[in-house]
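Engineer:
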Amino acid sequence: MIRMEDVSLIYPNGVEALSGINLEIKKGEFIFIVGPTGCGKSSLLKLIYWEEMPSQGKVVVSGKDAGRLRAVQIPYLRRNIGVVFQDFKLLPKKTVWENVAFALEVTGASRATVYREVPRTLELVELSQKAKMYPDNLSWGEQQRVCVARALVNSPSILLADEPTGNLDPQASRKLVQLFLKVNRLGSTVVMATHNKNIVDPVRERVMGLKKGCLVSDMQKGQYPDEPEESEFLSS
Amino acid sequence: MTCRKGNILMNLRSLNFFLHETATSLLRNGLMTMAVVSTVTVSLIIVGSSLLILTNIKALAKTLADQVEVAVYLREGVGESDRTLLQVNFLHLEGVKEVKFVSKEAALRRLEKDLGENLKEIIGLNPLPDSFQVKVEKAEEIKRIAEQIEGFKEVEEVVLSQEVASNLVKVGGVVERGTLVSLVLLGLVSLFLIMNAVRLSVFERREEIKIMQLVGATDWFIRWPFILEGIFEGLVGAALSGVILFLSYGFIVSQLQGFLPFLTLVDDKVMLLNLAGVLLILGMFLGMVGSLVAVGRYLED
Numbered sequence: 001m002i003r004m005e006d007v008s009l010i011y012p013n014g015v016e017a018l019s020g021i022n023l024e025i026k027k028g029e030f031i032f033i034v035g036p037t038g039c040g041k042s043s044l045l046k047l048i049y050w051e052e053m054p055s056q057g058k059v060v061v062s063g064k065d066a067g068r069l070r071a072v073q074i075p076y077l078r079r080n081i082g083v084v085f086q087d088f089k090l091l092p093k094k095t096v097w098e099n100v101a102f103a104l105e106v107t108g109a110s111r112a113t114v115y116r117e118v119p120r121t122l123e124l125v126e127l128s129q130k131a132k133m134y135p136d137n138l139s140w141g142e143q144q145r146v147c148v149a150r151a152l153v154n155s156p157s158i159l160l161a162d163e164p165t166g167n168l169d170p171q172a173s174r175k176l177v178q179l180f181l182k183v184n185r186l187g188s189t190v191v192m193a194t195h196n197k198n199i200v201d202p203v204r205e206r207v208m209g210l211k212k213g214c215l216v217s218d219m220q221k222g223q224y225p226d227e228p229e230e231s232e233f234l235s236s
Numbered sequence: 001m002t003c004r005k006g007n008i009l010m011n012l013r014s015l016n017f018f019l020h021e022t023a024t025s026l027l028r029n030g031l032m033t034m035a036v037v038s039t040v041t042v043s044l045i046i047v048g049s050s051l052l053i054l055t056n057i058k059a060l061a062k063t064l065a066d067q068v069e070v071a072v073y074l075r076e077g078v079g080e081s082d083r084t085l086l087q088v089n090f091l092h093l094e095g096v097k098e099v100k101f102v103s104k105e106a107a108l109r110r111l112e113k114d115l116g117e118n119l120k121e122i123i124g125l126n127p128l129p130d131s132f133q134v135k136v137e138k139a140e141e142i143k144r145i146a147e148q149i150e151g152f153k154e155v156e157e158v159v160l161s162q163e164v165a166s167n168l169v170k171v172g173g174v175v176e177r178g179t180l181v182s183l184v185l186l187g188l189v190s191l192f193l194i195m196n197a198v199r200l201s202v203f204e205r206r207e208e209i210k211i212m213q214l215v216g217a218t219d220w221f222i223r224w225p226f227i228l229e230g231i232f233e234g235l236v237g238a239a240l241s242g243v244i245l246f247l248s249y250g251f252i253v254s255q256l257q258g259f260l261p262f263l264t265l266v267d268d269k270v271m272l273l274n275l276a277g278v279l280l281i282l283g284m285f286l287g288m289v290g291s292l293v294a295v296g297r298y299l300e301d
């Protein structure tokens, strides 16, 4: 589903965000990308949704090689990837409903589809009551959930989340990860960047560690030394 | 067939979406919309006023040119056949519009009518010579034509009957050219002002453009609502400027003609409607191009 071969990313200001990245993420996997702030987690995600192009190496997502991609293809490919941005990136002049609906409308979805999917997704993130509000009138946590709803409304084959629990309390964080796990079970590949150890450990999915732009660890699901029968995190 | 039907449905759906997006965006960005509309209005009032001034100067120059003529007095004893030949020769001179013969009798009758006296009875003879009234196409060529006419041996004297008018026409020509240059400059300034206002309104929303790209919107999907907004703002601004010019021009013409009755101003409703049409097209075009250029810039970033 996602493959990187000897990838490096150097920004125009000369900062080397990633170097020598080799990884393969299979369809239907749930991956945590962990590491301290500034280690390159966001840059890695940006390569997956083509906001950045690799300075070197090969990035292949859903069979499409970034190096061979034409600019006009990118919008269509992005529709299969839901992204929960660290800074939300909500449209300030649109209501909660309109922000979520927009991700469907860009695909040319019918009115009926929009009116069916948007309420369902808002229900999922418990924001039905705030559908008519503008992002500025919502709390950080609520804005986060609007962003999640927008990422999910298209039923994407890949869900990327960049520090999605950064502004949430522990309970809300747990609920969000449970939601992502549910989405994963429904067939989406989920890649979540975080530095929150408390949500990574109980889930016991594959974890990749980044440090100073390099991939330093890759712990596969099932390789945990003290694997319990069932994670309490999931059942709580 | 099904595919084409699907495309049409998709396009209609998109059109509906774009119109809805445009309307809500115009309302929600009300302050910016007002700023752009008022800039378009003011800029097009300037352009429209310049066009009206230019039209009037042209009309004035034409009126003056019509009054400019050369009076050609003939020597005593020029026969009828020579006179006819002269008239033909004058007509063949470059820039001559009309040549009219005034016999000495007709000239005397005209003078007597003007003075209200029977001059022939008082003087006992007709002192006036036969003459031609020569009208020219362009007032600025009158001197050259007069000099050419003076060269004919049958001609006694050439008088530029409306030298003052001729000078006025010359001044009019300079003013006309000056106005034209100012108009072009004002047009460019207005263009810049409108483009800048539209650019600023798009700049305000550059982050939105980025976000739309990130959630999978194609460039044209992002462009259309901005283009429609630009067209709408341009049209509303142009319509306002048209109404303001229409009303104020009528008022100014009636006031000026009260003070300066000899001044003939163009008071033609069709001309004003044509001007309004030009302003509407200009406003729409500038709004559209302004949006297109500004959005294009942020799409590339």
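Protein sequence lines correspond, in order, to chains Y and F. Each residue of the first sequence is one higher than the one before, starting from 1 at the first, in this note's numbering. Each residue of the second sequence is one higher than the one before, starting from 1 at the first, in this note's numbering. Using N, Cα and C, we set each Cβ at its ideal position, and we do this for glycine too.
Buried or exposed: which applies to Phe132 (chain F), given that a residue is buried once 16 or more other Cβ atoms fall within 10 Å of its Cβ?
Structural biologist: Position 132 of the second sequence, counted from the first residue, corresponds to residue 132 (chain F). Buried.
Engineer: According to DSSP, is Met195 (chain F) helix, strand or coil?
Structural biologist: As a first step, residue 195 (chain F) must be located in the second sequence, where it is residue number 195. In this structure, Met195 (chain F) counts as helix in the three-state DSSP scheme.
Engineer: Does DSSP classify Cys3 (chain F) as helix, strand or coil?
Structural biologist: Walking along the second sequence from the start, residue 3 (chain F) turns up at place 3. Unreliable placement is indicated for Cys3 (chain F), whose pLDDT of 47 sits below 50; the coordinate value is still reported in the next sentence. Looking at Cys3 (chain F) - three-state DSSP - the assignment turns out to be helix.
Engineer: What does a CB cutoff of less than 8 angstroms around Leu91 (chain Y) pick up in its chain, not counting 5 residues either side in sequence?
Structural biologist: Here residue 91 (chain Y) is taken as the residue at index 91 of the first sequence, counted from 1. Excluding residues within five positions, the ones whose Cβ falls inside 8 angstroms are Glu98, Asn99, Phe102, Pro135.
Engineer: Can you check the segment 155-223 of chain Y for any alpha helix (DSSP H) of at least 4 residues that lies completely inside it and give the ranges in chain order?
Structural biologist: Complete alpha helix (DSSP H) runs here, min 4: 170-185, 197-203.
Engineer: Confirm, please, whether the CB-CB distance from Val40 (chain F) to Gly277 (chain F) is below 9 angstroms.
Structural biologist: For this step, residue 277 (chain F) is matched to residue 277 along the second sequence. For this step, residue 40 (chain F) is matched to residue 40 along the second sequence. No, they are not a contact pair.
Engineer: Looking only at its own chain, which residues have a Cβ that is under 6 angstroms from the Cβ of Arg145 (chain Y), when we skip the five neighbours before and after it?
Structural biologist: Within the first sequence, numbered from 1, the residue matching residue 145 (chain Y) stands at position 145. Result list for Arg145 (chain Y): Val125, Leu127, in chain order.
Engineer: Output, in chain order, the set of chain F residues within a Cβ distance shorter than 8 angstroms of Leu91 (chain Y).
Structural biologist: For the purposes of this step, residue 91 (chain Y) is taken as the residue at position 91 of the first sequence. Under the 8 angstroms cutoff, chain F gives Glu208, Ile211, Met212.
Engineer: Alpha carbon to alpha carbon, how far is Leu27 (chain F) from Gly58 (chain Y)? Give it in angstroms, no decimals.
Structural biologist: For the purposes of this step, residue 58 (chain Y) is taken as the residue at position 58 of the first sequence. For the purposes of this step, residue 27 (chain F) is taken as the residue at position 27 of the second sequence. It is worth fixing the name first, because residue 58 (chain Y) is Lys in this sequence and not Gly. Each residue's alpha carbon lies about 46 angstroms from the other.
Engineer: Expressed to the nearest angstrom, what Euclidean distance is found between the alpha-carbon atoms of Arg177 (chain F) and Gly187 (chain F)?
Structural biologist: One-based indexing of the second sequence puts residue 177 (chain F) at position 177. One-based indexing of the second sequence puts residue 187 (chain F) at position 187. Roughly 15 angstroms between the two C-alpha positions.
Engineer: Quick one: using the 10 Å Cβ neighbour count with 16 as the cut-off for buried, is Ala139 (chain F) buried or exposed?
Structural biologist: Indexing the second sequence from 1 puts residue 139 (chain F) at position 139. The residue in question, Ala139 (chain F), is buried, as its Cβ has 16 or more Cβ neighbours within 10 Å.
Engineer: 9 angstroms is my cut-off, CB to CB: does Thr107 (chain Y) come that close to chain F?
Structural biologist: On the first sequence, position 107 is the one that residue 107 (chain Y) refers to. Closer than 9 angstroms: yes.
Engineer: Alpha carbon to alpha carbon, how far is Leu234 (chain Y) from Thr33 (chain F)?
Structural biologist: Position 234 of the first sequence, counted from the start, is the residue given in the question as residue 234 (chain Y). Position 33 of the second sequence, counted from the start, is the residue given in the question as residue 33 (chain F). Note that Leu234 (chain Y) scores a pLDDT of 49, beneath 50, so its modelled location is shaky and nothing firm can be said.
Engineer: Which residue or residues does DSSP assign as beta-bridge partners of Ser221 (chain F)?
Structural biologist: Residue 221 (chain F) sits at position 221 when you count from the first residue of the second sequence. A small fix is needed here, since residue 221 (chain F) is Phe in this sequence, not Ser. Its beta-bridge partners do not exist; DSSP assigns none.
Engineer: Looking only at its chain, what residues have a beta carbon closer than 8 angstroms to the beta carbon of Lys93 (chain Y), apart from the 5 residues adjacent to it on each side?
Structural biologist: Translated into positions along the first sequence, residue 93 (chain Y) becomes position 93. Tyr134.
Engineer: Looking at C-beta atoms only, is the number of pairs between the segment 34-47 of chain Y and the segment 208-227 of chain Y that lie closer than 8 angstroms three or more?
Structural biologist: Enough Cβ pairs lie closer than 8 angstroms, so yes.
Engineer: Can you give me the C-alpha to C-alpha distance between Lys153 (chain F) and Gly95 (chain F), rounded to a whole angstrom?
Structural biologist: Translated into the one-based positions of the second sequence, residue 153 (chain F) becomes position 153. Translated into the one-based positions of the second sequence, residue 95 (chain F) becomes position 95. Approximately 21 angstroms, taken between the alpha carbons.
Engineer: Please list, in chain order, the chain Y residues whose beta carbon lies closer than 9 angstroms to that of Ser291 (chain F).
Structural biologist: Indexing the second sequence from 1 puts residue 291 (chain F) at position 291. None at all; the shortest Cβ gap to chain Y is about 17 angstroms.
Engineer: Compute the distance between the beta-carbons of Cys48 (chain Y) and Ile2 (chain Y), then report whether it is under 9 angstroms.
Structural biologist: Stepping through the first sequence from its first residue, residue 48 (chain Y) is reached at position 48. Stepping through the first sequence from its first residue, residue 2 (chain Y) is reached at position 2. At residue 48 (chain Y) the sequence reads Ile, which differs from the Cys that was named. Going by C-beta atoms, Ile48 (chain Y) is nearer than 9 angstroms to Ile2 (chain Y).
Engineer: As a quick exercise: from F:Leu86, F:Val243, F:Lys113, pick the residue whose alpha carbon is nearest that of Phe101 (chain F).
Structural biologist: Here residue 101 (chain F) is taken as the residue at index 101 of the second sequence, counted from 1. Of the listed residues, the one whose Cα sits closest to Phe101 (chain F) is F:Leu86.
Engineer: Could you name the residues of chain F that Arg79 (chain Y) contacts, counting a contact when the two beta carbons are closer than 7 angstroms?
Structural biologist: Looking up residue 79 (chain Y) in the first sequence gives position 79. Residues of chain F passing the Cβ test: Gly216.
Engineer: In the DSSP assignment, what are the bridge partners of Lys64 (chain Y)?
Structural biologist: Along the first sequence, read from residue 1 onward, the residue named residue 64 (chain Y) stands at position 64. Lys64 (chain Y) is bridged to Y:Val61.
Engineer: Do you know how far the Cα of Leu138 (chain Y) is from the Cα of Pro54 (chain Y)?
Structural biologist: Along the first sequence, one-based indexing puts residue 54 (chain Y) at 54. Along the first sequence, one-based indexing puts residue 138 (chain Y) at 138. About 36 angstroms.
Engineer: Give the residues of chain Y in contact with Phe17 (chain F), contact being defined as C-beta atoms less than 7 angstroms apart.
Structural biologist: For the purposes of this step, residue 17 (chain F) is taken as the residue at position 17 of the second sequence. Neighbours of Phe17 (chain F) on chain Y, chain order: Glu105.
Engineer: Enumerate in chain order the residues of its own chain whose CB-to-CB distance from Cys3 (chain F) is below 7 angstroms, with the five nearest sequence positions on each side excluded.
Structural biologist: For this step, residue 3 (chain F) is matched to residue 3 along the second sequence. Here the model assigns Cys3 (chain F) a pLDDT of 47, short of 50, so the residue's position is not dependable, and the following value carries that caveat. For Cys3 (chain F), where only same-chain residues beyond five positions count, there are no Cβ hits under 7 angstroms.
Engineer: I'd like to check one pair, Ser157 (chain Y) with Ser188 (chain Y): are the Cβ atoms closer than 9 angstroms?
Structural biologist: Reading the first sequence from its first residue, position 188 is the one you call residue 188 (chain Y). Reading the first sequence from its first residue, position 157 is the one you call residue 157 (chain Y). Yes, the pair counts as a contact, with Cβ atoms nearer than the cut-off.
Engineer: Met133 (chain Y) lies in the beta strand (DSSP E); which residues open and close that run?
Structural biologist: The residue given as residue 133 (chain Y) occupies position 133 in the first sequence. No beta strand (DSSP E) holds Met133 (chain Y); DSSP gives it neither H nor E.
Engineer: Using C-beta distances below 6 angstroms, list every residue in its chain close to Gly222 (chain Y), excluding the 5 sequence neighbours before and after it, in chain order.
Structural biologist: Mapped onto the first sequence, residue 222 (chain Y) falls at position 222. Excluding residues within five positions, none has a Cβ falling inside 6 angstroms.
Engineer: Identify every residue that forms a DSSP beta bridge with Phe30 (chain Y).
Structural biologist: On the first sequence, position 30 is the one that residue 30 (chain Y) refers to. Looking at the DSSP assignment, Phe30 (chain Y) forms a beta bridge with Y:Val190.
Engineer: Jot down the residue ranges of each uninterrupted alpha helix (DSSP H) in the segment 220-300 of chain F, minimum 4 residues, whole runs only, in chain order.
Structural biologist: Whole alpha helix (DSSP H) segments, 4+ residues: 269-300.
Engineer: Is any beta-carbon of chain Y found at less than 9 angstroms from that of Phe226 (chain F)?
Structural biologist: Position 226 of the second sequence holds residue 226 (chain F). Not an interface residue.
Engineer: Output, in chain order, the set of chain Y residues within a Cβ distance shorter than 8 angstroms of Asn29 (chain F).
Structural biologist: For this step, residue 29 (chain F) is matched to residue 29 along the second sequence. Under the 8 angstroms cutoff, chain Y gives Lys93.
Engineer: For the beta strand (DSSP E) containing Val215 (chain F), name the first residue and the last one.
Structural biologist: Position 215 of the second sequence, counting from 1, holds the residue named residue 215 (chain F). No beta strand (DSSP E) contains Val215 (chain F), which DSSP labels as neither H nor E.
Engineer: Kindly examine the ligand MN and report whether one of its heavy atoms sits closer than 8 angstroms to the Cβ of Lys93 (chain Y).
Structural biologist: For the structure depicted, the ligand MN is absent and the ligand set is empty, with no information on it obtainable.
Engineer: Which complete beta strand (DSSP E) runs does the segment 67-96 of chain Y hold, if anything under 3 residues is left out?
Structural biologist: Listed in chain order, they are 81-84.
Engineer: Return the CA-CA distance between Arg78 (chain Y) and Glu117 (chain Y), expressed in angstroms with no decimal places.
Structural biologist: As a position in the first sequence, residue 78 (chain Y) is number 78, starting the count at 1. As a position in the first sequence, residue 117 (chain Y) is number 117, starting the count at 1. Using only the alpha carbons, I get a separation of about 19 angstroms.
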